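Below is one structure, written out as structure tokens; comments come after it.
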Amino acid sequence: MSRNYGEILPDEVEKQRARFAPVEVPAPARPVWNWEELNAKFRPRLIAAGVIRFGLTQDDCEDAAQTVFLKVLAMNPRVRDPKAYLRAAFLNQCNNILQARERRSIAPREPATASRPLTLANSGEIAARAATVPVSSRTAPMRAFRRTLWGRIRAGLARLRP
Amino acid sequence: MKRDDVFDAILESEVVPDLPRQAMGRTLPFVRPNARVSVEDIYRLSQAAEKPAELILQAARAGADELAAALRSLDGKPHRGFALLYAAQKADKLVAEDPNKALTLARLLSEEAATLQAANSKERISTPAPRQAVQAEAALLESQALLQKGEASSAREAVRPARDLFRESGDLGFGAALCDYHEGTAATFEKEYTEAQRLLKRALAVFAEFGQEHLAGRAHAGLGSLFVHKGQFELALKYFDASLRAFDSESDAGSQRTTMLLNNRATALMRLGRFDEARATFAKALNFGRRHNHESHLFFIRTGLAELDFRRGEYRRALRAFTGIVREASPLASKAELVFSRLYAAECQARIGSYGPMAIEIEALRRERQEHPFAPSPALGELFMSLDQGTIDADLIAHVREYLQDEENGVKRAYRPLRLVG
Numbered sequence: 144m145s146r147n148y149g150e151i152l153p154d155e156v157e158k159q160r161a162r163f164a165p166v167e168v169p170a171p172a173r174p175v176w177n178w179e180e181l182n183a184k185f186r187p188r189l190i191a192a193g194v195i196r197f198g199l200t201q202d203d204c205e206d207a208a209q210t211v212f213l214k215v216l217a218m219n220p221r222v223r224d225p226k227a228y229l230r231a232a233f234l235n236q237c238n239n240i241l242q243a244r245e246r247r248s249i250a251p252r253e254p255a256t257a258s259r260p261l262t263l264a265n266s267g268e269i270a271a272r273a274a275t276v277p278v279s280s281r282t283a284p285m286r287a288f289r290r291t292l293w294g295r296i297r298a299g300l301a302r303l304r305p
Numbered sequence: 026m027k028r029d030d031v032f033d034a035i036l037e038s039e040v041v042p043d044l045p046r047q048a049m050g051r052t053l054p055f056v057r058p059n060a061r062v063s064v065e066d067i068y069r070l071s072q073a074a075e076k077p078a079e080l081i082l083q084a085a086r087a088g089a090d091e092l093a094a095a096l097r098s099l100d101g102k103p104h105r106g107f108a109l110l111y112a113a114q115k116a117d118k119l120v121a122e123d124p125n126k127a128l129t130l131a132r133l134l135s136e137e138a139a140t141l142q143a144a145n146s147k148e149r150i151s152t153p154a155p156r157q158a159v160q161a162e163a164a165l166l167e168s169q170a171l172l173q174k175g176e177a178s179s180a181r182e183a184v185r186p187a188r189d190l191f192r193e194s195g196d197l198g199f200g201a202a203l204c205d206y207h208e209g210t211a212a213t214f215e216k217e218y219t220e221a222q223r224l225l226k227r228a229l230a231v232f233a234e235f236g237q238e239h240l241a242g243r244a245h246a247g248l249g250s251l252f253v254h255k256g257q258f259e260l261a262l263k264y265f266d267a268s269l270r271a272f273d274s275e276s277d278a279g280s281q282r283t284t285m286l287l288n289n290r291a292t293a294l295m296r297l298g299r300f301d302e303a304r305a306t307f308a309k310a311l312n313f314g315r316r317h318n319h320e321s322h323l324f325f326i327r328t329g330l331a332e333l334d335f336r337r338g339e340y341r342r343a344l345r346a347f348t349g350i351v352r353e354a355s356p357l358a359s360k361a362e363l364v365f366s367r368l369y370a371a372e373c374q375a376r377i378g379s380y381g382p383m384a385i386e387i388e389a390l391r392r393e394r395q396e397h398p399f400a401p402s403p404a405l406g407e408l409f410m411s412l413d414q415g416t417i418d419a420d421l422i423a424h425v426r427e428y429l430q431d432e433e434n435g436v437k438r439a440y441r442p443l444r445l446v447g
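Laid out in structure tokens, this is it:
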């Protein structure tokens, strides 16, 4: 410490210095979370808000709540206002779920026959698809195969008729 | 914080709204192998980790053997991941006390975390305290320690892996904001102000969105310091005031940051010529720093007070202060700061007509020239030449000092000798 230190002090500082005890004042402890309230009261409301506001399923919202609760626990020493953190993190997580759902809905679909069972109602759609294959020397074998396949399907469906 | 009225109304409602009953529950453990672990259990794990995390920090202060023993004592404990995670997050104080120990701790925590379970980002439920989260926090700690050591570029580099690790851990935006904050702070020291401003503002927006006032306060403080460097003092004051409000609201009275914040606010006021307010704010900072034993901060406050005396024309008082700073050559003072203190002392001597002592100060600067960052500067060349020719005066010293201060603040301009300046 400089010998000149006192000389450059403003007068009021000297006065204020005298008012403080020489012991170091410990920094205030981090506020303790009210875990009971967060878990028992806030969590069900988050889940309900996710279902009502975003139309997500209860399971989706329970998973999202679980995720954000783990996140806030992982950030415990950094987070002073856990409710505000959970709220923002939950909104972001709901947004992620909605975006993932949207991505799935615009992704190219698998051929219909691969994913759903055939019924009589599908027969017209299959016929229309076979008919849309352009005629050429390269597509002829394929058209023939489609027709053969369609014939077999139609015969099978006819047997199912009551 | 962004409002969402419907969402917030449900959160604030007295009663939880009834939800339609689901036809098929899927949370039974025998139908879902990855069924949710009780949050209550994870909370208990996190609570059990608090004390071991503190013990790691104490051990890091004590030495390498103690630290190794503290880390081994966690082997096989279910709360090990949380303890490592919390140790990394709580090490701020250690950074200020001893950045080398903080650096060692950061690297050890990252190595230790290698054996933790990885984040399962593909699953619907995340892993508690996964490897990536611990390593991301360790990387942020490493960045802080490097910055404290004055290695701004390495500090910035250290944030890069933290970004990837947070992303892998399934970050929801908060981890990225922490990275922005630390990288922005390092970028300020690298004098990359545009990038620093972008990063700090982005961090501020996310901290505010997540309702963490104390972190928003830090981002405000970072932006305030940035604008001081850029010479935009009014704007800097706006950010400092917002930051102080955040710290007040958090009752973070013991914070070292409050001391530095007050010091920086006082500096901005002084540069604006608001000397009385500056003096009162320096006094408050000094009080705070003394009360909490922030030795490193007291050095900067003393330098600020000395500059204030100088700007007020109280050259004898300023001279005593600057001479003291130079004589002590505190390890906290950068080489550049010591050069400025010498130049201020020399200018004070010249202004009070003590040309002999002034020449001694400039001679000392010439002897130490190779040790400081301004060695090749033409400004110092002109100063030494004028000393030899006997034409040196206070205006020339001021001209050289202002040029070097601009250079230190990242202002790039060619040096013009005093005789060519209008």
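Chains as they are written, first to last, in the working numbering: chain A, 144 to 305; chain B, 26 to 447. Glycine is no exception: its CB is placed at the ideal position from the N, C-alpha and C atoms. Keep in mind the model is a prediction, meaning the values are calculated, not measured.
Which residue's Cα is closest to the Cα of residue i: the options?
i      : options                        : result
A78/B  : A293/B, S250/B, A108/B, G200/B : A108/B
A208/A : F233/A, Q242/A, N239/A, V194/A : F233/A
A230/B : L189/A, N177/A, A231/A, C204/A : A231/A
L405/B : S194/B, E339/B, Y440/B         : Y440/B
S250/B : N288/B, Q281/B, A228/B         : N288/B
E37/B  : R247/A, R188/A, V175/A         : R188/A
N434/B : T129/B, G415/B, P398/B, Q414/B : P398/B
V184/B : A161/B, E176/B, K174/B, G175/B : A161/B
E427/B : T416/B, P442/B, A261/B         : P442/B
L181/A : P225/A, G193/A, D206/A         : P225/A
V436/B : A228/B, D30/B, K255/B          : K255/B
Can you tell me the Cβ-Cβ gap for residue i and residue j, rounded? I've got them flagged as a contact below 8 Å.
i      : j      : result
I422/B : L333/B : Actually they do not touch by this definition, with Cβ atoms about 19 Å apart.
A154/B : G106/B : 3 Å
A211/B : S168/B : 7 Å
A138/B : V159/B : 4 Å
N219/A : L197/B : Not quite, the Cβ-Cβ distance comes to about 16 Å (not below 8 Å), so this is no contact.
A170/B : A131/B : 6 Å
T284/B : H317/B : 7 Å
I want to see whether chain B comes within less than 9 Å of residue i, judged by CB atoms only; does it?
i      : result
N177/A : no
R230/A : yes
A270/A : Residue confidence for A270/A is low, a pLDDT of 48 falling below 50, so the modelled location carries little weight and cannot support an answer.
L241/A : no
R223/A : yes
D244/A : In the sequence on display, residue 244/A carries Arg and not Asp. Output row for R244/A: interface = no.
R196/A : yes
L216/A : yes
R186/A : yes
L303/A : no
A298/A : no
I190/A : yes
Could you name the residues of the same chain whose beta carbon sits closer than 7 Å to that of residue i, not counting the 5 residues immediately before and after it, in chain order?
i      : result
A371/B : M383, E386, I387, I422
G271/B : Reading off the sequence shown, one finds Ala at residue 271/B, where the question assumed Gly. Result list for A271/B: E238, H239, A241, G242, H245, in chain order.
I35/B  : P42
L99/B  : P77, R105, A108
Shorter than 9 Å from the beta carbon of residue i to some beta carbon of chain A?
i      : result
G236/B : yes
D189/B : no
F55/B  : In this prediction, F55/B has a pLDDT of 43, which is less than 50 and means its spatial position is unreliable; what the coordinates show is noted afterwards. It does not; no Cβ of chain A falls within 9 Å.
E208/B : no
F124/B : Going by the sequence as given, residue 124/B is Pro instead of Phe. No - not a single Cβ of chain A is within 9 Å of the one on P124/B.
Q83/B  : no
Do residue j and residue i count as a contact pair if the criterion is CB distance below 9 Å?
i      : j      : result
F232/B : Y264/B : no
F235/B : R196/A : no
R296/B : V253/B : yes
A95/B  : Q83/B  : yes
L429/B : S411/B : no
G209/B : E220/B : yes
A127/B : A85/B  : yes
E396/B : V425/B : no
P103/B : L80/B  : no
L294/B : E302/B : yes
R227/B : A202/B : yes
R186/A : V64/B  : yes
Can you list, in chain order, the residues of its chain whose CB lies under 6 Å from that of residue i, leaving out five sequence neighbours each side?
i      : result
R290/B : F265, T306
T152/B : Q142, A144, N145
Y228/A : V215, V222
S366/B : F347, I350, V351
L248/B : L225, Y264
V194/A : Q201, C204
R247/A : none
F409/B : R391
Q157/B : A144, L190, E193, S194
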